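Below you'll find the structure, written out as structure tokens, and then a few comments.
Residue numbers (the numbering used here), protein chains in the order written: chain A, 430 to 668; chain B, 19 to 383.
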């Protein structure tokens with residue numbers, strides 16, 4: 430829909446909850462078709478940053494631009510898929526009914542089968558969500574986030590509770606979507622996932638401490654393993 | 019059975035409540051509010067029923083009865099012409115009047131039997147009872163003067179009648195109340211569940227507008243509420259045979275409006291609760307006072323003054339009054355009193371719809 434180079438532009442965004450700073454002057458860019466990994470410990474500000482991208486958090490300072498539109502803006506959200514940390518589904522509806530509903534509120538219901546097949550739930554489509562296992566719910570939640578074929582996919586710790594086999598499979602799908610032009614922002618604190626991203630941002634205490642490809646970050650920290658690079662680059666005291 | 023394990027559960031419960039100030043406040047505050055309200059209602063020196071005395075007696079005894087009634091503490095009686103009395107009865111300004119005919123004294127002295135006409139408004143049985151009692155008390159005074167006079171009033175009802183029982187009176191109000199109450203609770207809980215399971219967050223991260231969410235909810239629950247209203251109405255009229263002289267479609271219209279109001283009140287108030295448990299706590303705060311003050315059990319005209327003012331701003335008051343106007347008095351939309359009732363309930367609907375839509379965004383962030 431839009432031809433800007435960036436899928437996401439965040440400029441100097443700050444947000445506090447009470448006195449606690451959740452985001453403290455964060456700026457980042459995500460290119461079209463890029464898989465960007467947001468890496469950081471619990472409470473670092475990952476979820477707040479993602480929520481600010483969909484207008485659920487209003488920054489006190491700075492600007493957020495998504496797919497070329499200055500946020501908050503409702504219409505652009507039809508081109509954004511958002512998978513929350515918690516598998517946000519209607520437990521009384523079947524997997525298919527859930528996916529159909531989230532497609533419908535975003536104006537597209539033609540991708541229900543494709544989305545369910547992508548997460549290997551097509552055979553279980555008639556199952557009521559409350560009878561699904563935790564991993565299946567996570568997959569169903571993912572299907573809900575991409576049923577409307579978004580240009581930008583925001584995944585908040587999408588592979589928590591997903592077994593390794595399926596995790597590999599999902600990442601293959603993410604990569605495939607990215608090569609098809611979808612931009613993906615994925616938050617995680619799992620290092621082997623981070624290795625699969627085009628670029629990484631290390632976030633801690635609401636600040637973006639370092640940014641770059643896996644190789645760049647390792648080189649900057651002068652270490653072999655990404656985990657060590659993360660620990661070294663995030664050695665700062667809270668503001 | 020381990021005492022320490024039982025104690026662990028007991029302690030945990032008490033600890034949880036210590037953090038949940040709201041539940042504590044409700045637990046210890048709500049009973050005082052409800053009982054206090056009830057006490058004030060019953061002992062707060064409310065108004066007594068209003069009645070008229072039409073004294074046409076050419077002899078002296080009519081005057082005795084009239085002055086006894088006018089001095090009575092159990093009713094507020096005023097002397098008036100019959101035309102005046104009929105008009106006031108029609109507009110429910112007085113709950114009834116007694117007509118003392120021109121030969122009242124003659125009858126009492128010669129035939130030892132008085133049979134005055136008593137005209138009752140009849141839509142509120144409590145008031146009718148008080149008036150009949152006061153009238154018969156006033157004849158005790160007469161018996162002292164005339165000696166051994168029998169009292170046989172000829173009672174006529176403007177609305178209802180002798181076959182009119184308590185259910186007929188309460189039924190009209192409860193048809194609305196049941197729907198209002200259940201729809202409110204179900205909507206509030208459903209909306210909080212949407213929040214608790216995280217799906218509301220997803221809705222807010224979609225192109226959905228607030229008004230679309232509220233409208234979608236409203237329509238969905240309204241469908242359920244209308245089916246429920248129809249069921250309640252059919253059961254009341256066909257199985258319980260609750261007295262109805264009005265248009266069933268009008269009753270349904272008012273019920274539907276109440277259901278829509280309840281849906282939106284549920285959406286709006288769920289903003290002030292974090293859990294489904296807290297939503298249920300709105301029942302003693304929102305529902306019970308309305309039940310006490312909406313004129314369902316205690317006629318508003320006999321409430322203490324300040325409570326009457328409060329009753330007059332509660333939307334349920336108008337809904338109940340409207341249902342009674344239709345079912346007991348046979349009112350239609352050409353009646354100004356029913357226009358007011360429907361208007362207030364409609365206004366309340368609009369108000370809670372706007373309030374619900376306006377506060378929706380806040381509950382996410």
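In this text, a Cβ means the ideal position worked out from N, Cα and C, and glycines have one as well.
Fair warning: this is a prediction, and the values are worked out from it, not measured in the lab.
Listed by chain order, chain B residues near residue i by CB distance under 9 Å
i	result
residue 449(A)	Neighbours of residue 449(A) on chain B: none; closest Cβ ~15 Å, over 9 Å.
residue 504(A)	225
residue 511(A)	219, 220, 223 and 224
Alpha-carbon spacing of residue i relative to residue j, whole angstroms
i	j	result
residue 473(A)	residue 314(B)	56 Å
residue 20(B)	residue 29(B)	14 Å
residue 68(B)	residue 91(B)	11 Å
residue 49(B)	residue 454(A)	51 Å
residue 444(A)	residue 224(B)	22 Å
residue 524(A)	residue 586(A)	20 Å
residue 514(A)	residue 464(A)	18 Å
residue 139(B)	residue 98(B)	16 Å
residue 382(B)	residue 228(B)	At residue 382(B), the pLDDT of 45 sits below 50, so the modelled position is not reliable and the matter cannot be decided from this model.
residue 592(A)	residue 651(A)	32 Å
residue 329(B)	residue 64(B)	13 Å
residue 658(A)	residue 624(A)	12 Å
residue 251(B)	residue 112(B)	30 Å
residue 305(B)	residue 487(A)	36 Å
residue 411(A)	residue 479(A)	Residue 411(A) lies beyond the residue range present for chain A, which begins at 430 and ends at 668; the question has no answer from this structure.
residue 368(B)	residue 302(B)	24 Å
residue 588(A)	residue 550(A)	15 Å
residue 668(A)	residue 450(A)	Low local confidence applies: a pLDDT of 45 at residue 668(A) is under 50, so the model's placement there is unreliable, and no value is given.
residue 170(B)	residue 323(B)	35 Å
residue 565(A)	residue 211(B)	21 Å
residue 617(A)	residue 547(A)	21 Å
residue 603(A)	residue 498(A)	24 Å
residue 649(A)	residue 640(A)	10 Å
residue 584(A)	residue 606(A)	13 Å
residue 110(B)	residue 57(B)	27 Å
residue 61(B)	residue 311(B)	14 Å
Amino acids of chain B, ordered along the chain, whose beta-carbon sits closer than 8 Å to that of residue i
i	result
residue 520(A)	215
residue 459(A)	Residues of chain B passing the Cβ test: none, with the nearest at roughly 17 Å.
residue 534(A)	221, 224, 225 and 226
residue 531(A)	220 and 224
Residue span of the beta strand (DSSP E) that contains residue i, given as start and end
i	result
residue 640(A)	636-641
residue 439(A)	435-446
residue 512(A)	509-512
residue 544(A)	Unbroken run through residue 544(A) is the alpha helix (DSSP H), 541-547; no beta strand (DSSP E).
residue 94(B)	94-97
residue 629(A)	628-633
residue 135(B)	135-138
Chain-ordered neighbours of residue i on chain A, where CB pairs are closer than 9 Å
i	result
residue 307(B)	Per Cβ cutoff of 9 Å: no residues; residue 307(B) is ~33 Å from chain A at best.
Terminal residues of the alpha helix (DSSP H) in which residue i lies
i	result
residue 530(A)	524-534
residue 384(B)	A query on residue 384(B) cannot be resolved here, the shown segment of chain B reaching from 19 to 383 and no further.
residue 120(B)	No alpha helix (DSSP H) holds residue 120(B); DSSP gives it neither H nor E.
residue 172(B)	From DSSP, residue 172(B) is part of no alpha helix (DSSP H) but of the beta strand (DSSP E) over 172-175.
residue 36(B)	21-37
residue 364(B)	354-377
Beta-carbon neighbours of residue i, restricted to chain B and to distances below 7 Å
i	result
residue 465(A)	Near residue 465(A) there are no residues of chain B at all, since even the closest Cβ is about 18 Å away, more than 7 Å.
residue 517(A)	215, 216, 217, 219 and 220
Under 7 Å from the C-beta of residue i: neighbouring residues of chain A
i	result
residue 222(B)	485
Any chain C beta carbon closer than 8 Å to residue i
i	result
residue 507(A)	No chain C appears in this structure, whose protein chains are A and B.
Ignoring anything shorter than 3 residues, give me the beta strand (DSSP E) runs that lie fully in the region 568-621 of chain A, in order along the chain.
581-585 and 612-617
Taking only runs that begin and end inside the region 59-85 of chain B, name each unbroken alpha helix (DSSP H) of 4 or more residues, in chain order.
none
Cβ contact check for the region 281-289 of chain B and the region 369-379 of chain B: 3 or more pairs under 8 Å:
yes
Evaluate contact between the region 512-520 of chain A and the region 537-551 of chain A, counting only Cβ atoms and requiring at least three cross-stretch pairs below 8 Å.
no
Between the region 253-260 of chain B and the region 180-190 of chain B, do three or more beta carbon pairs fall short of 8 Å?
yes
Quick one: which unbroken beta strand (DSSP E) runs of 3-plus residues sit fully inside the region 252-325 of chain B? Chain order, please.
none
In chain order, which alpha helix (DSSP H) runs of at least 4 residues are fully inside the region 216-247 of chain B?
217-222
Is it a yes or a no for the region 306-322 of chain B touching the region 233-242 of chain B, going by three-plus beta-carbon pairs under 8 Å?
no
How about the region 131-148 of chain B and the region 172-187 of chain B: do they share at least three Cβ pairs that are nearer than 8 Å?
yes
Complete runs of the alpha helix (DSSP H) confined to the region 446-506 of chain A [at least 4 residues]
475-482
Given 8 Å, three or more beta-carbon pairs between the region 261-269 of chain B and the region 341-351 of chain B:
yes
Cβ contact (3+ pairs, closer than 8 Å) linking the region 36-56 of chain B and the region 79-95 of chain B:
no
Do the region 435-450 of chain A and the region 493-501 of chain A meet, that is, are 3 or more Cβ pairs less than 8 Å apart?
yes
Can at least three beta-carbon pairs, one atom from the region 289-306 of chain B and one from the region 201-214 of chain B, be found at a separation below 8 Å?
yes
Three or more C-beta pairs under 8 Å: does that hold for the region 66-85 of chain B against the region 37-45 of chain B?
no
Are at least three pairs of beta-carbons, each pair with one atom in the region 499-511 of chain A and one in the region 574-582 of chain A, less than 8 Å apart?
yes
If contact is defined by three or more beta carbon pairs under 8 Å, each pair taking one atom from either stretch, is the region 113-120 of chain B in contact with the region 68-77 of chain B?
yes
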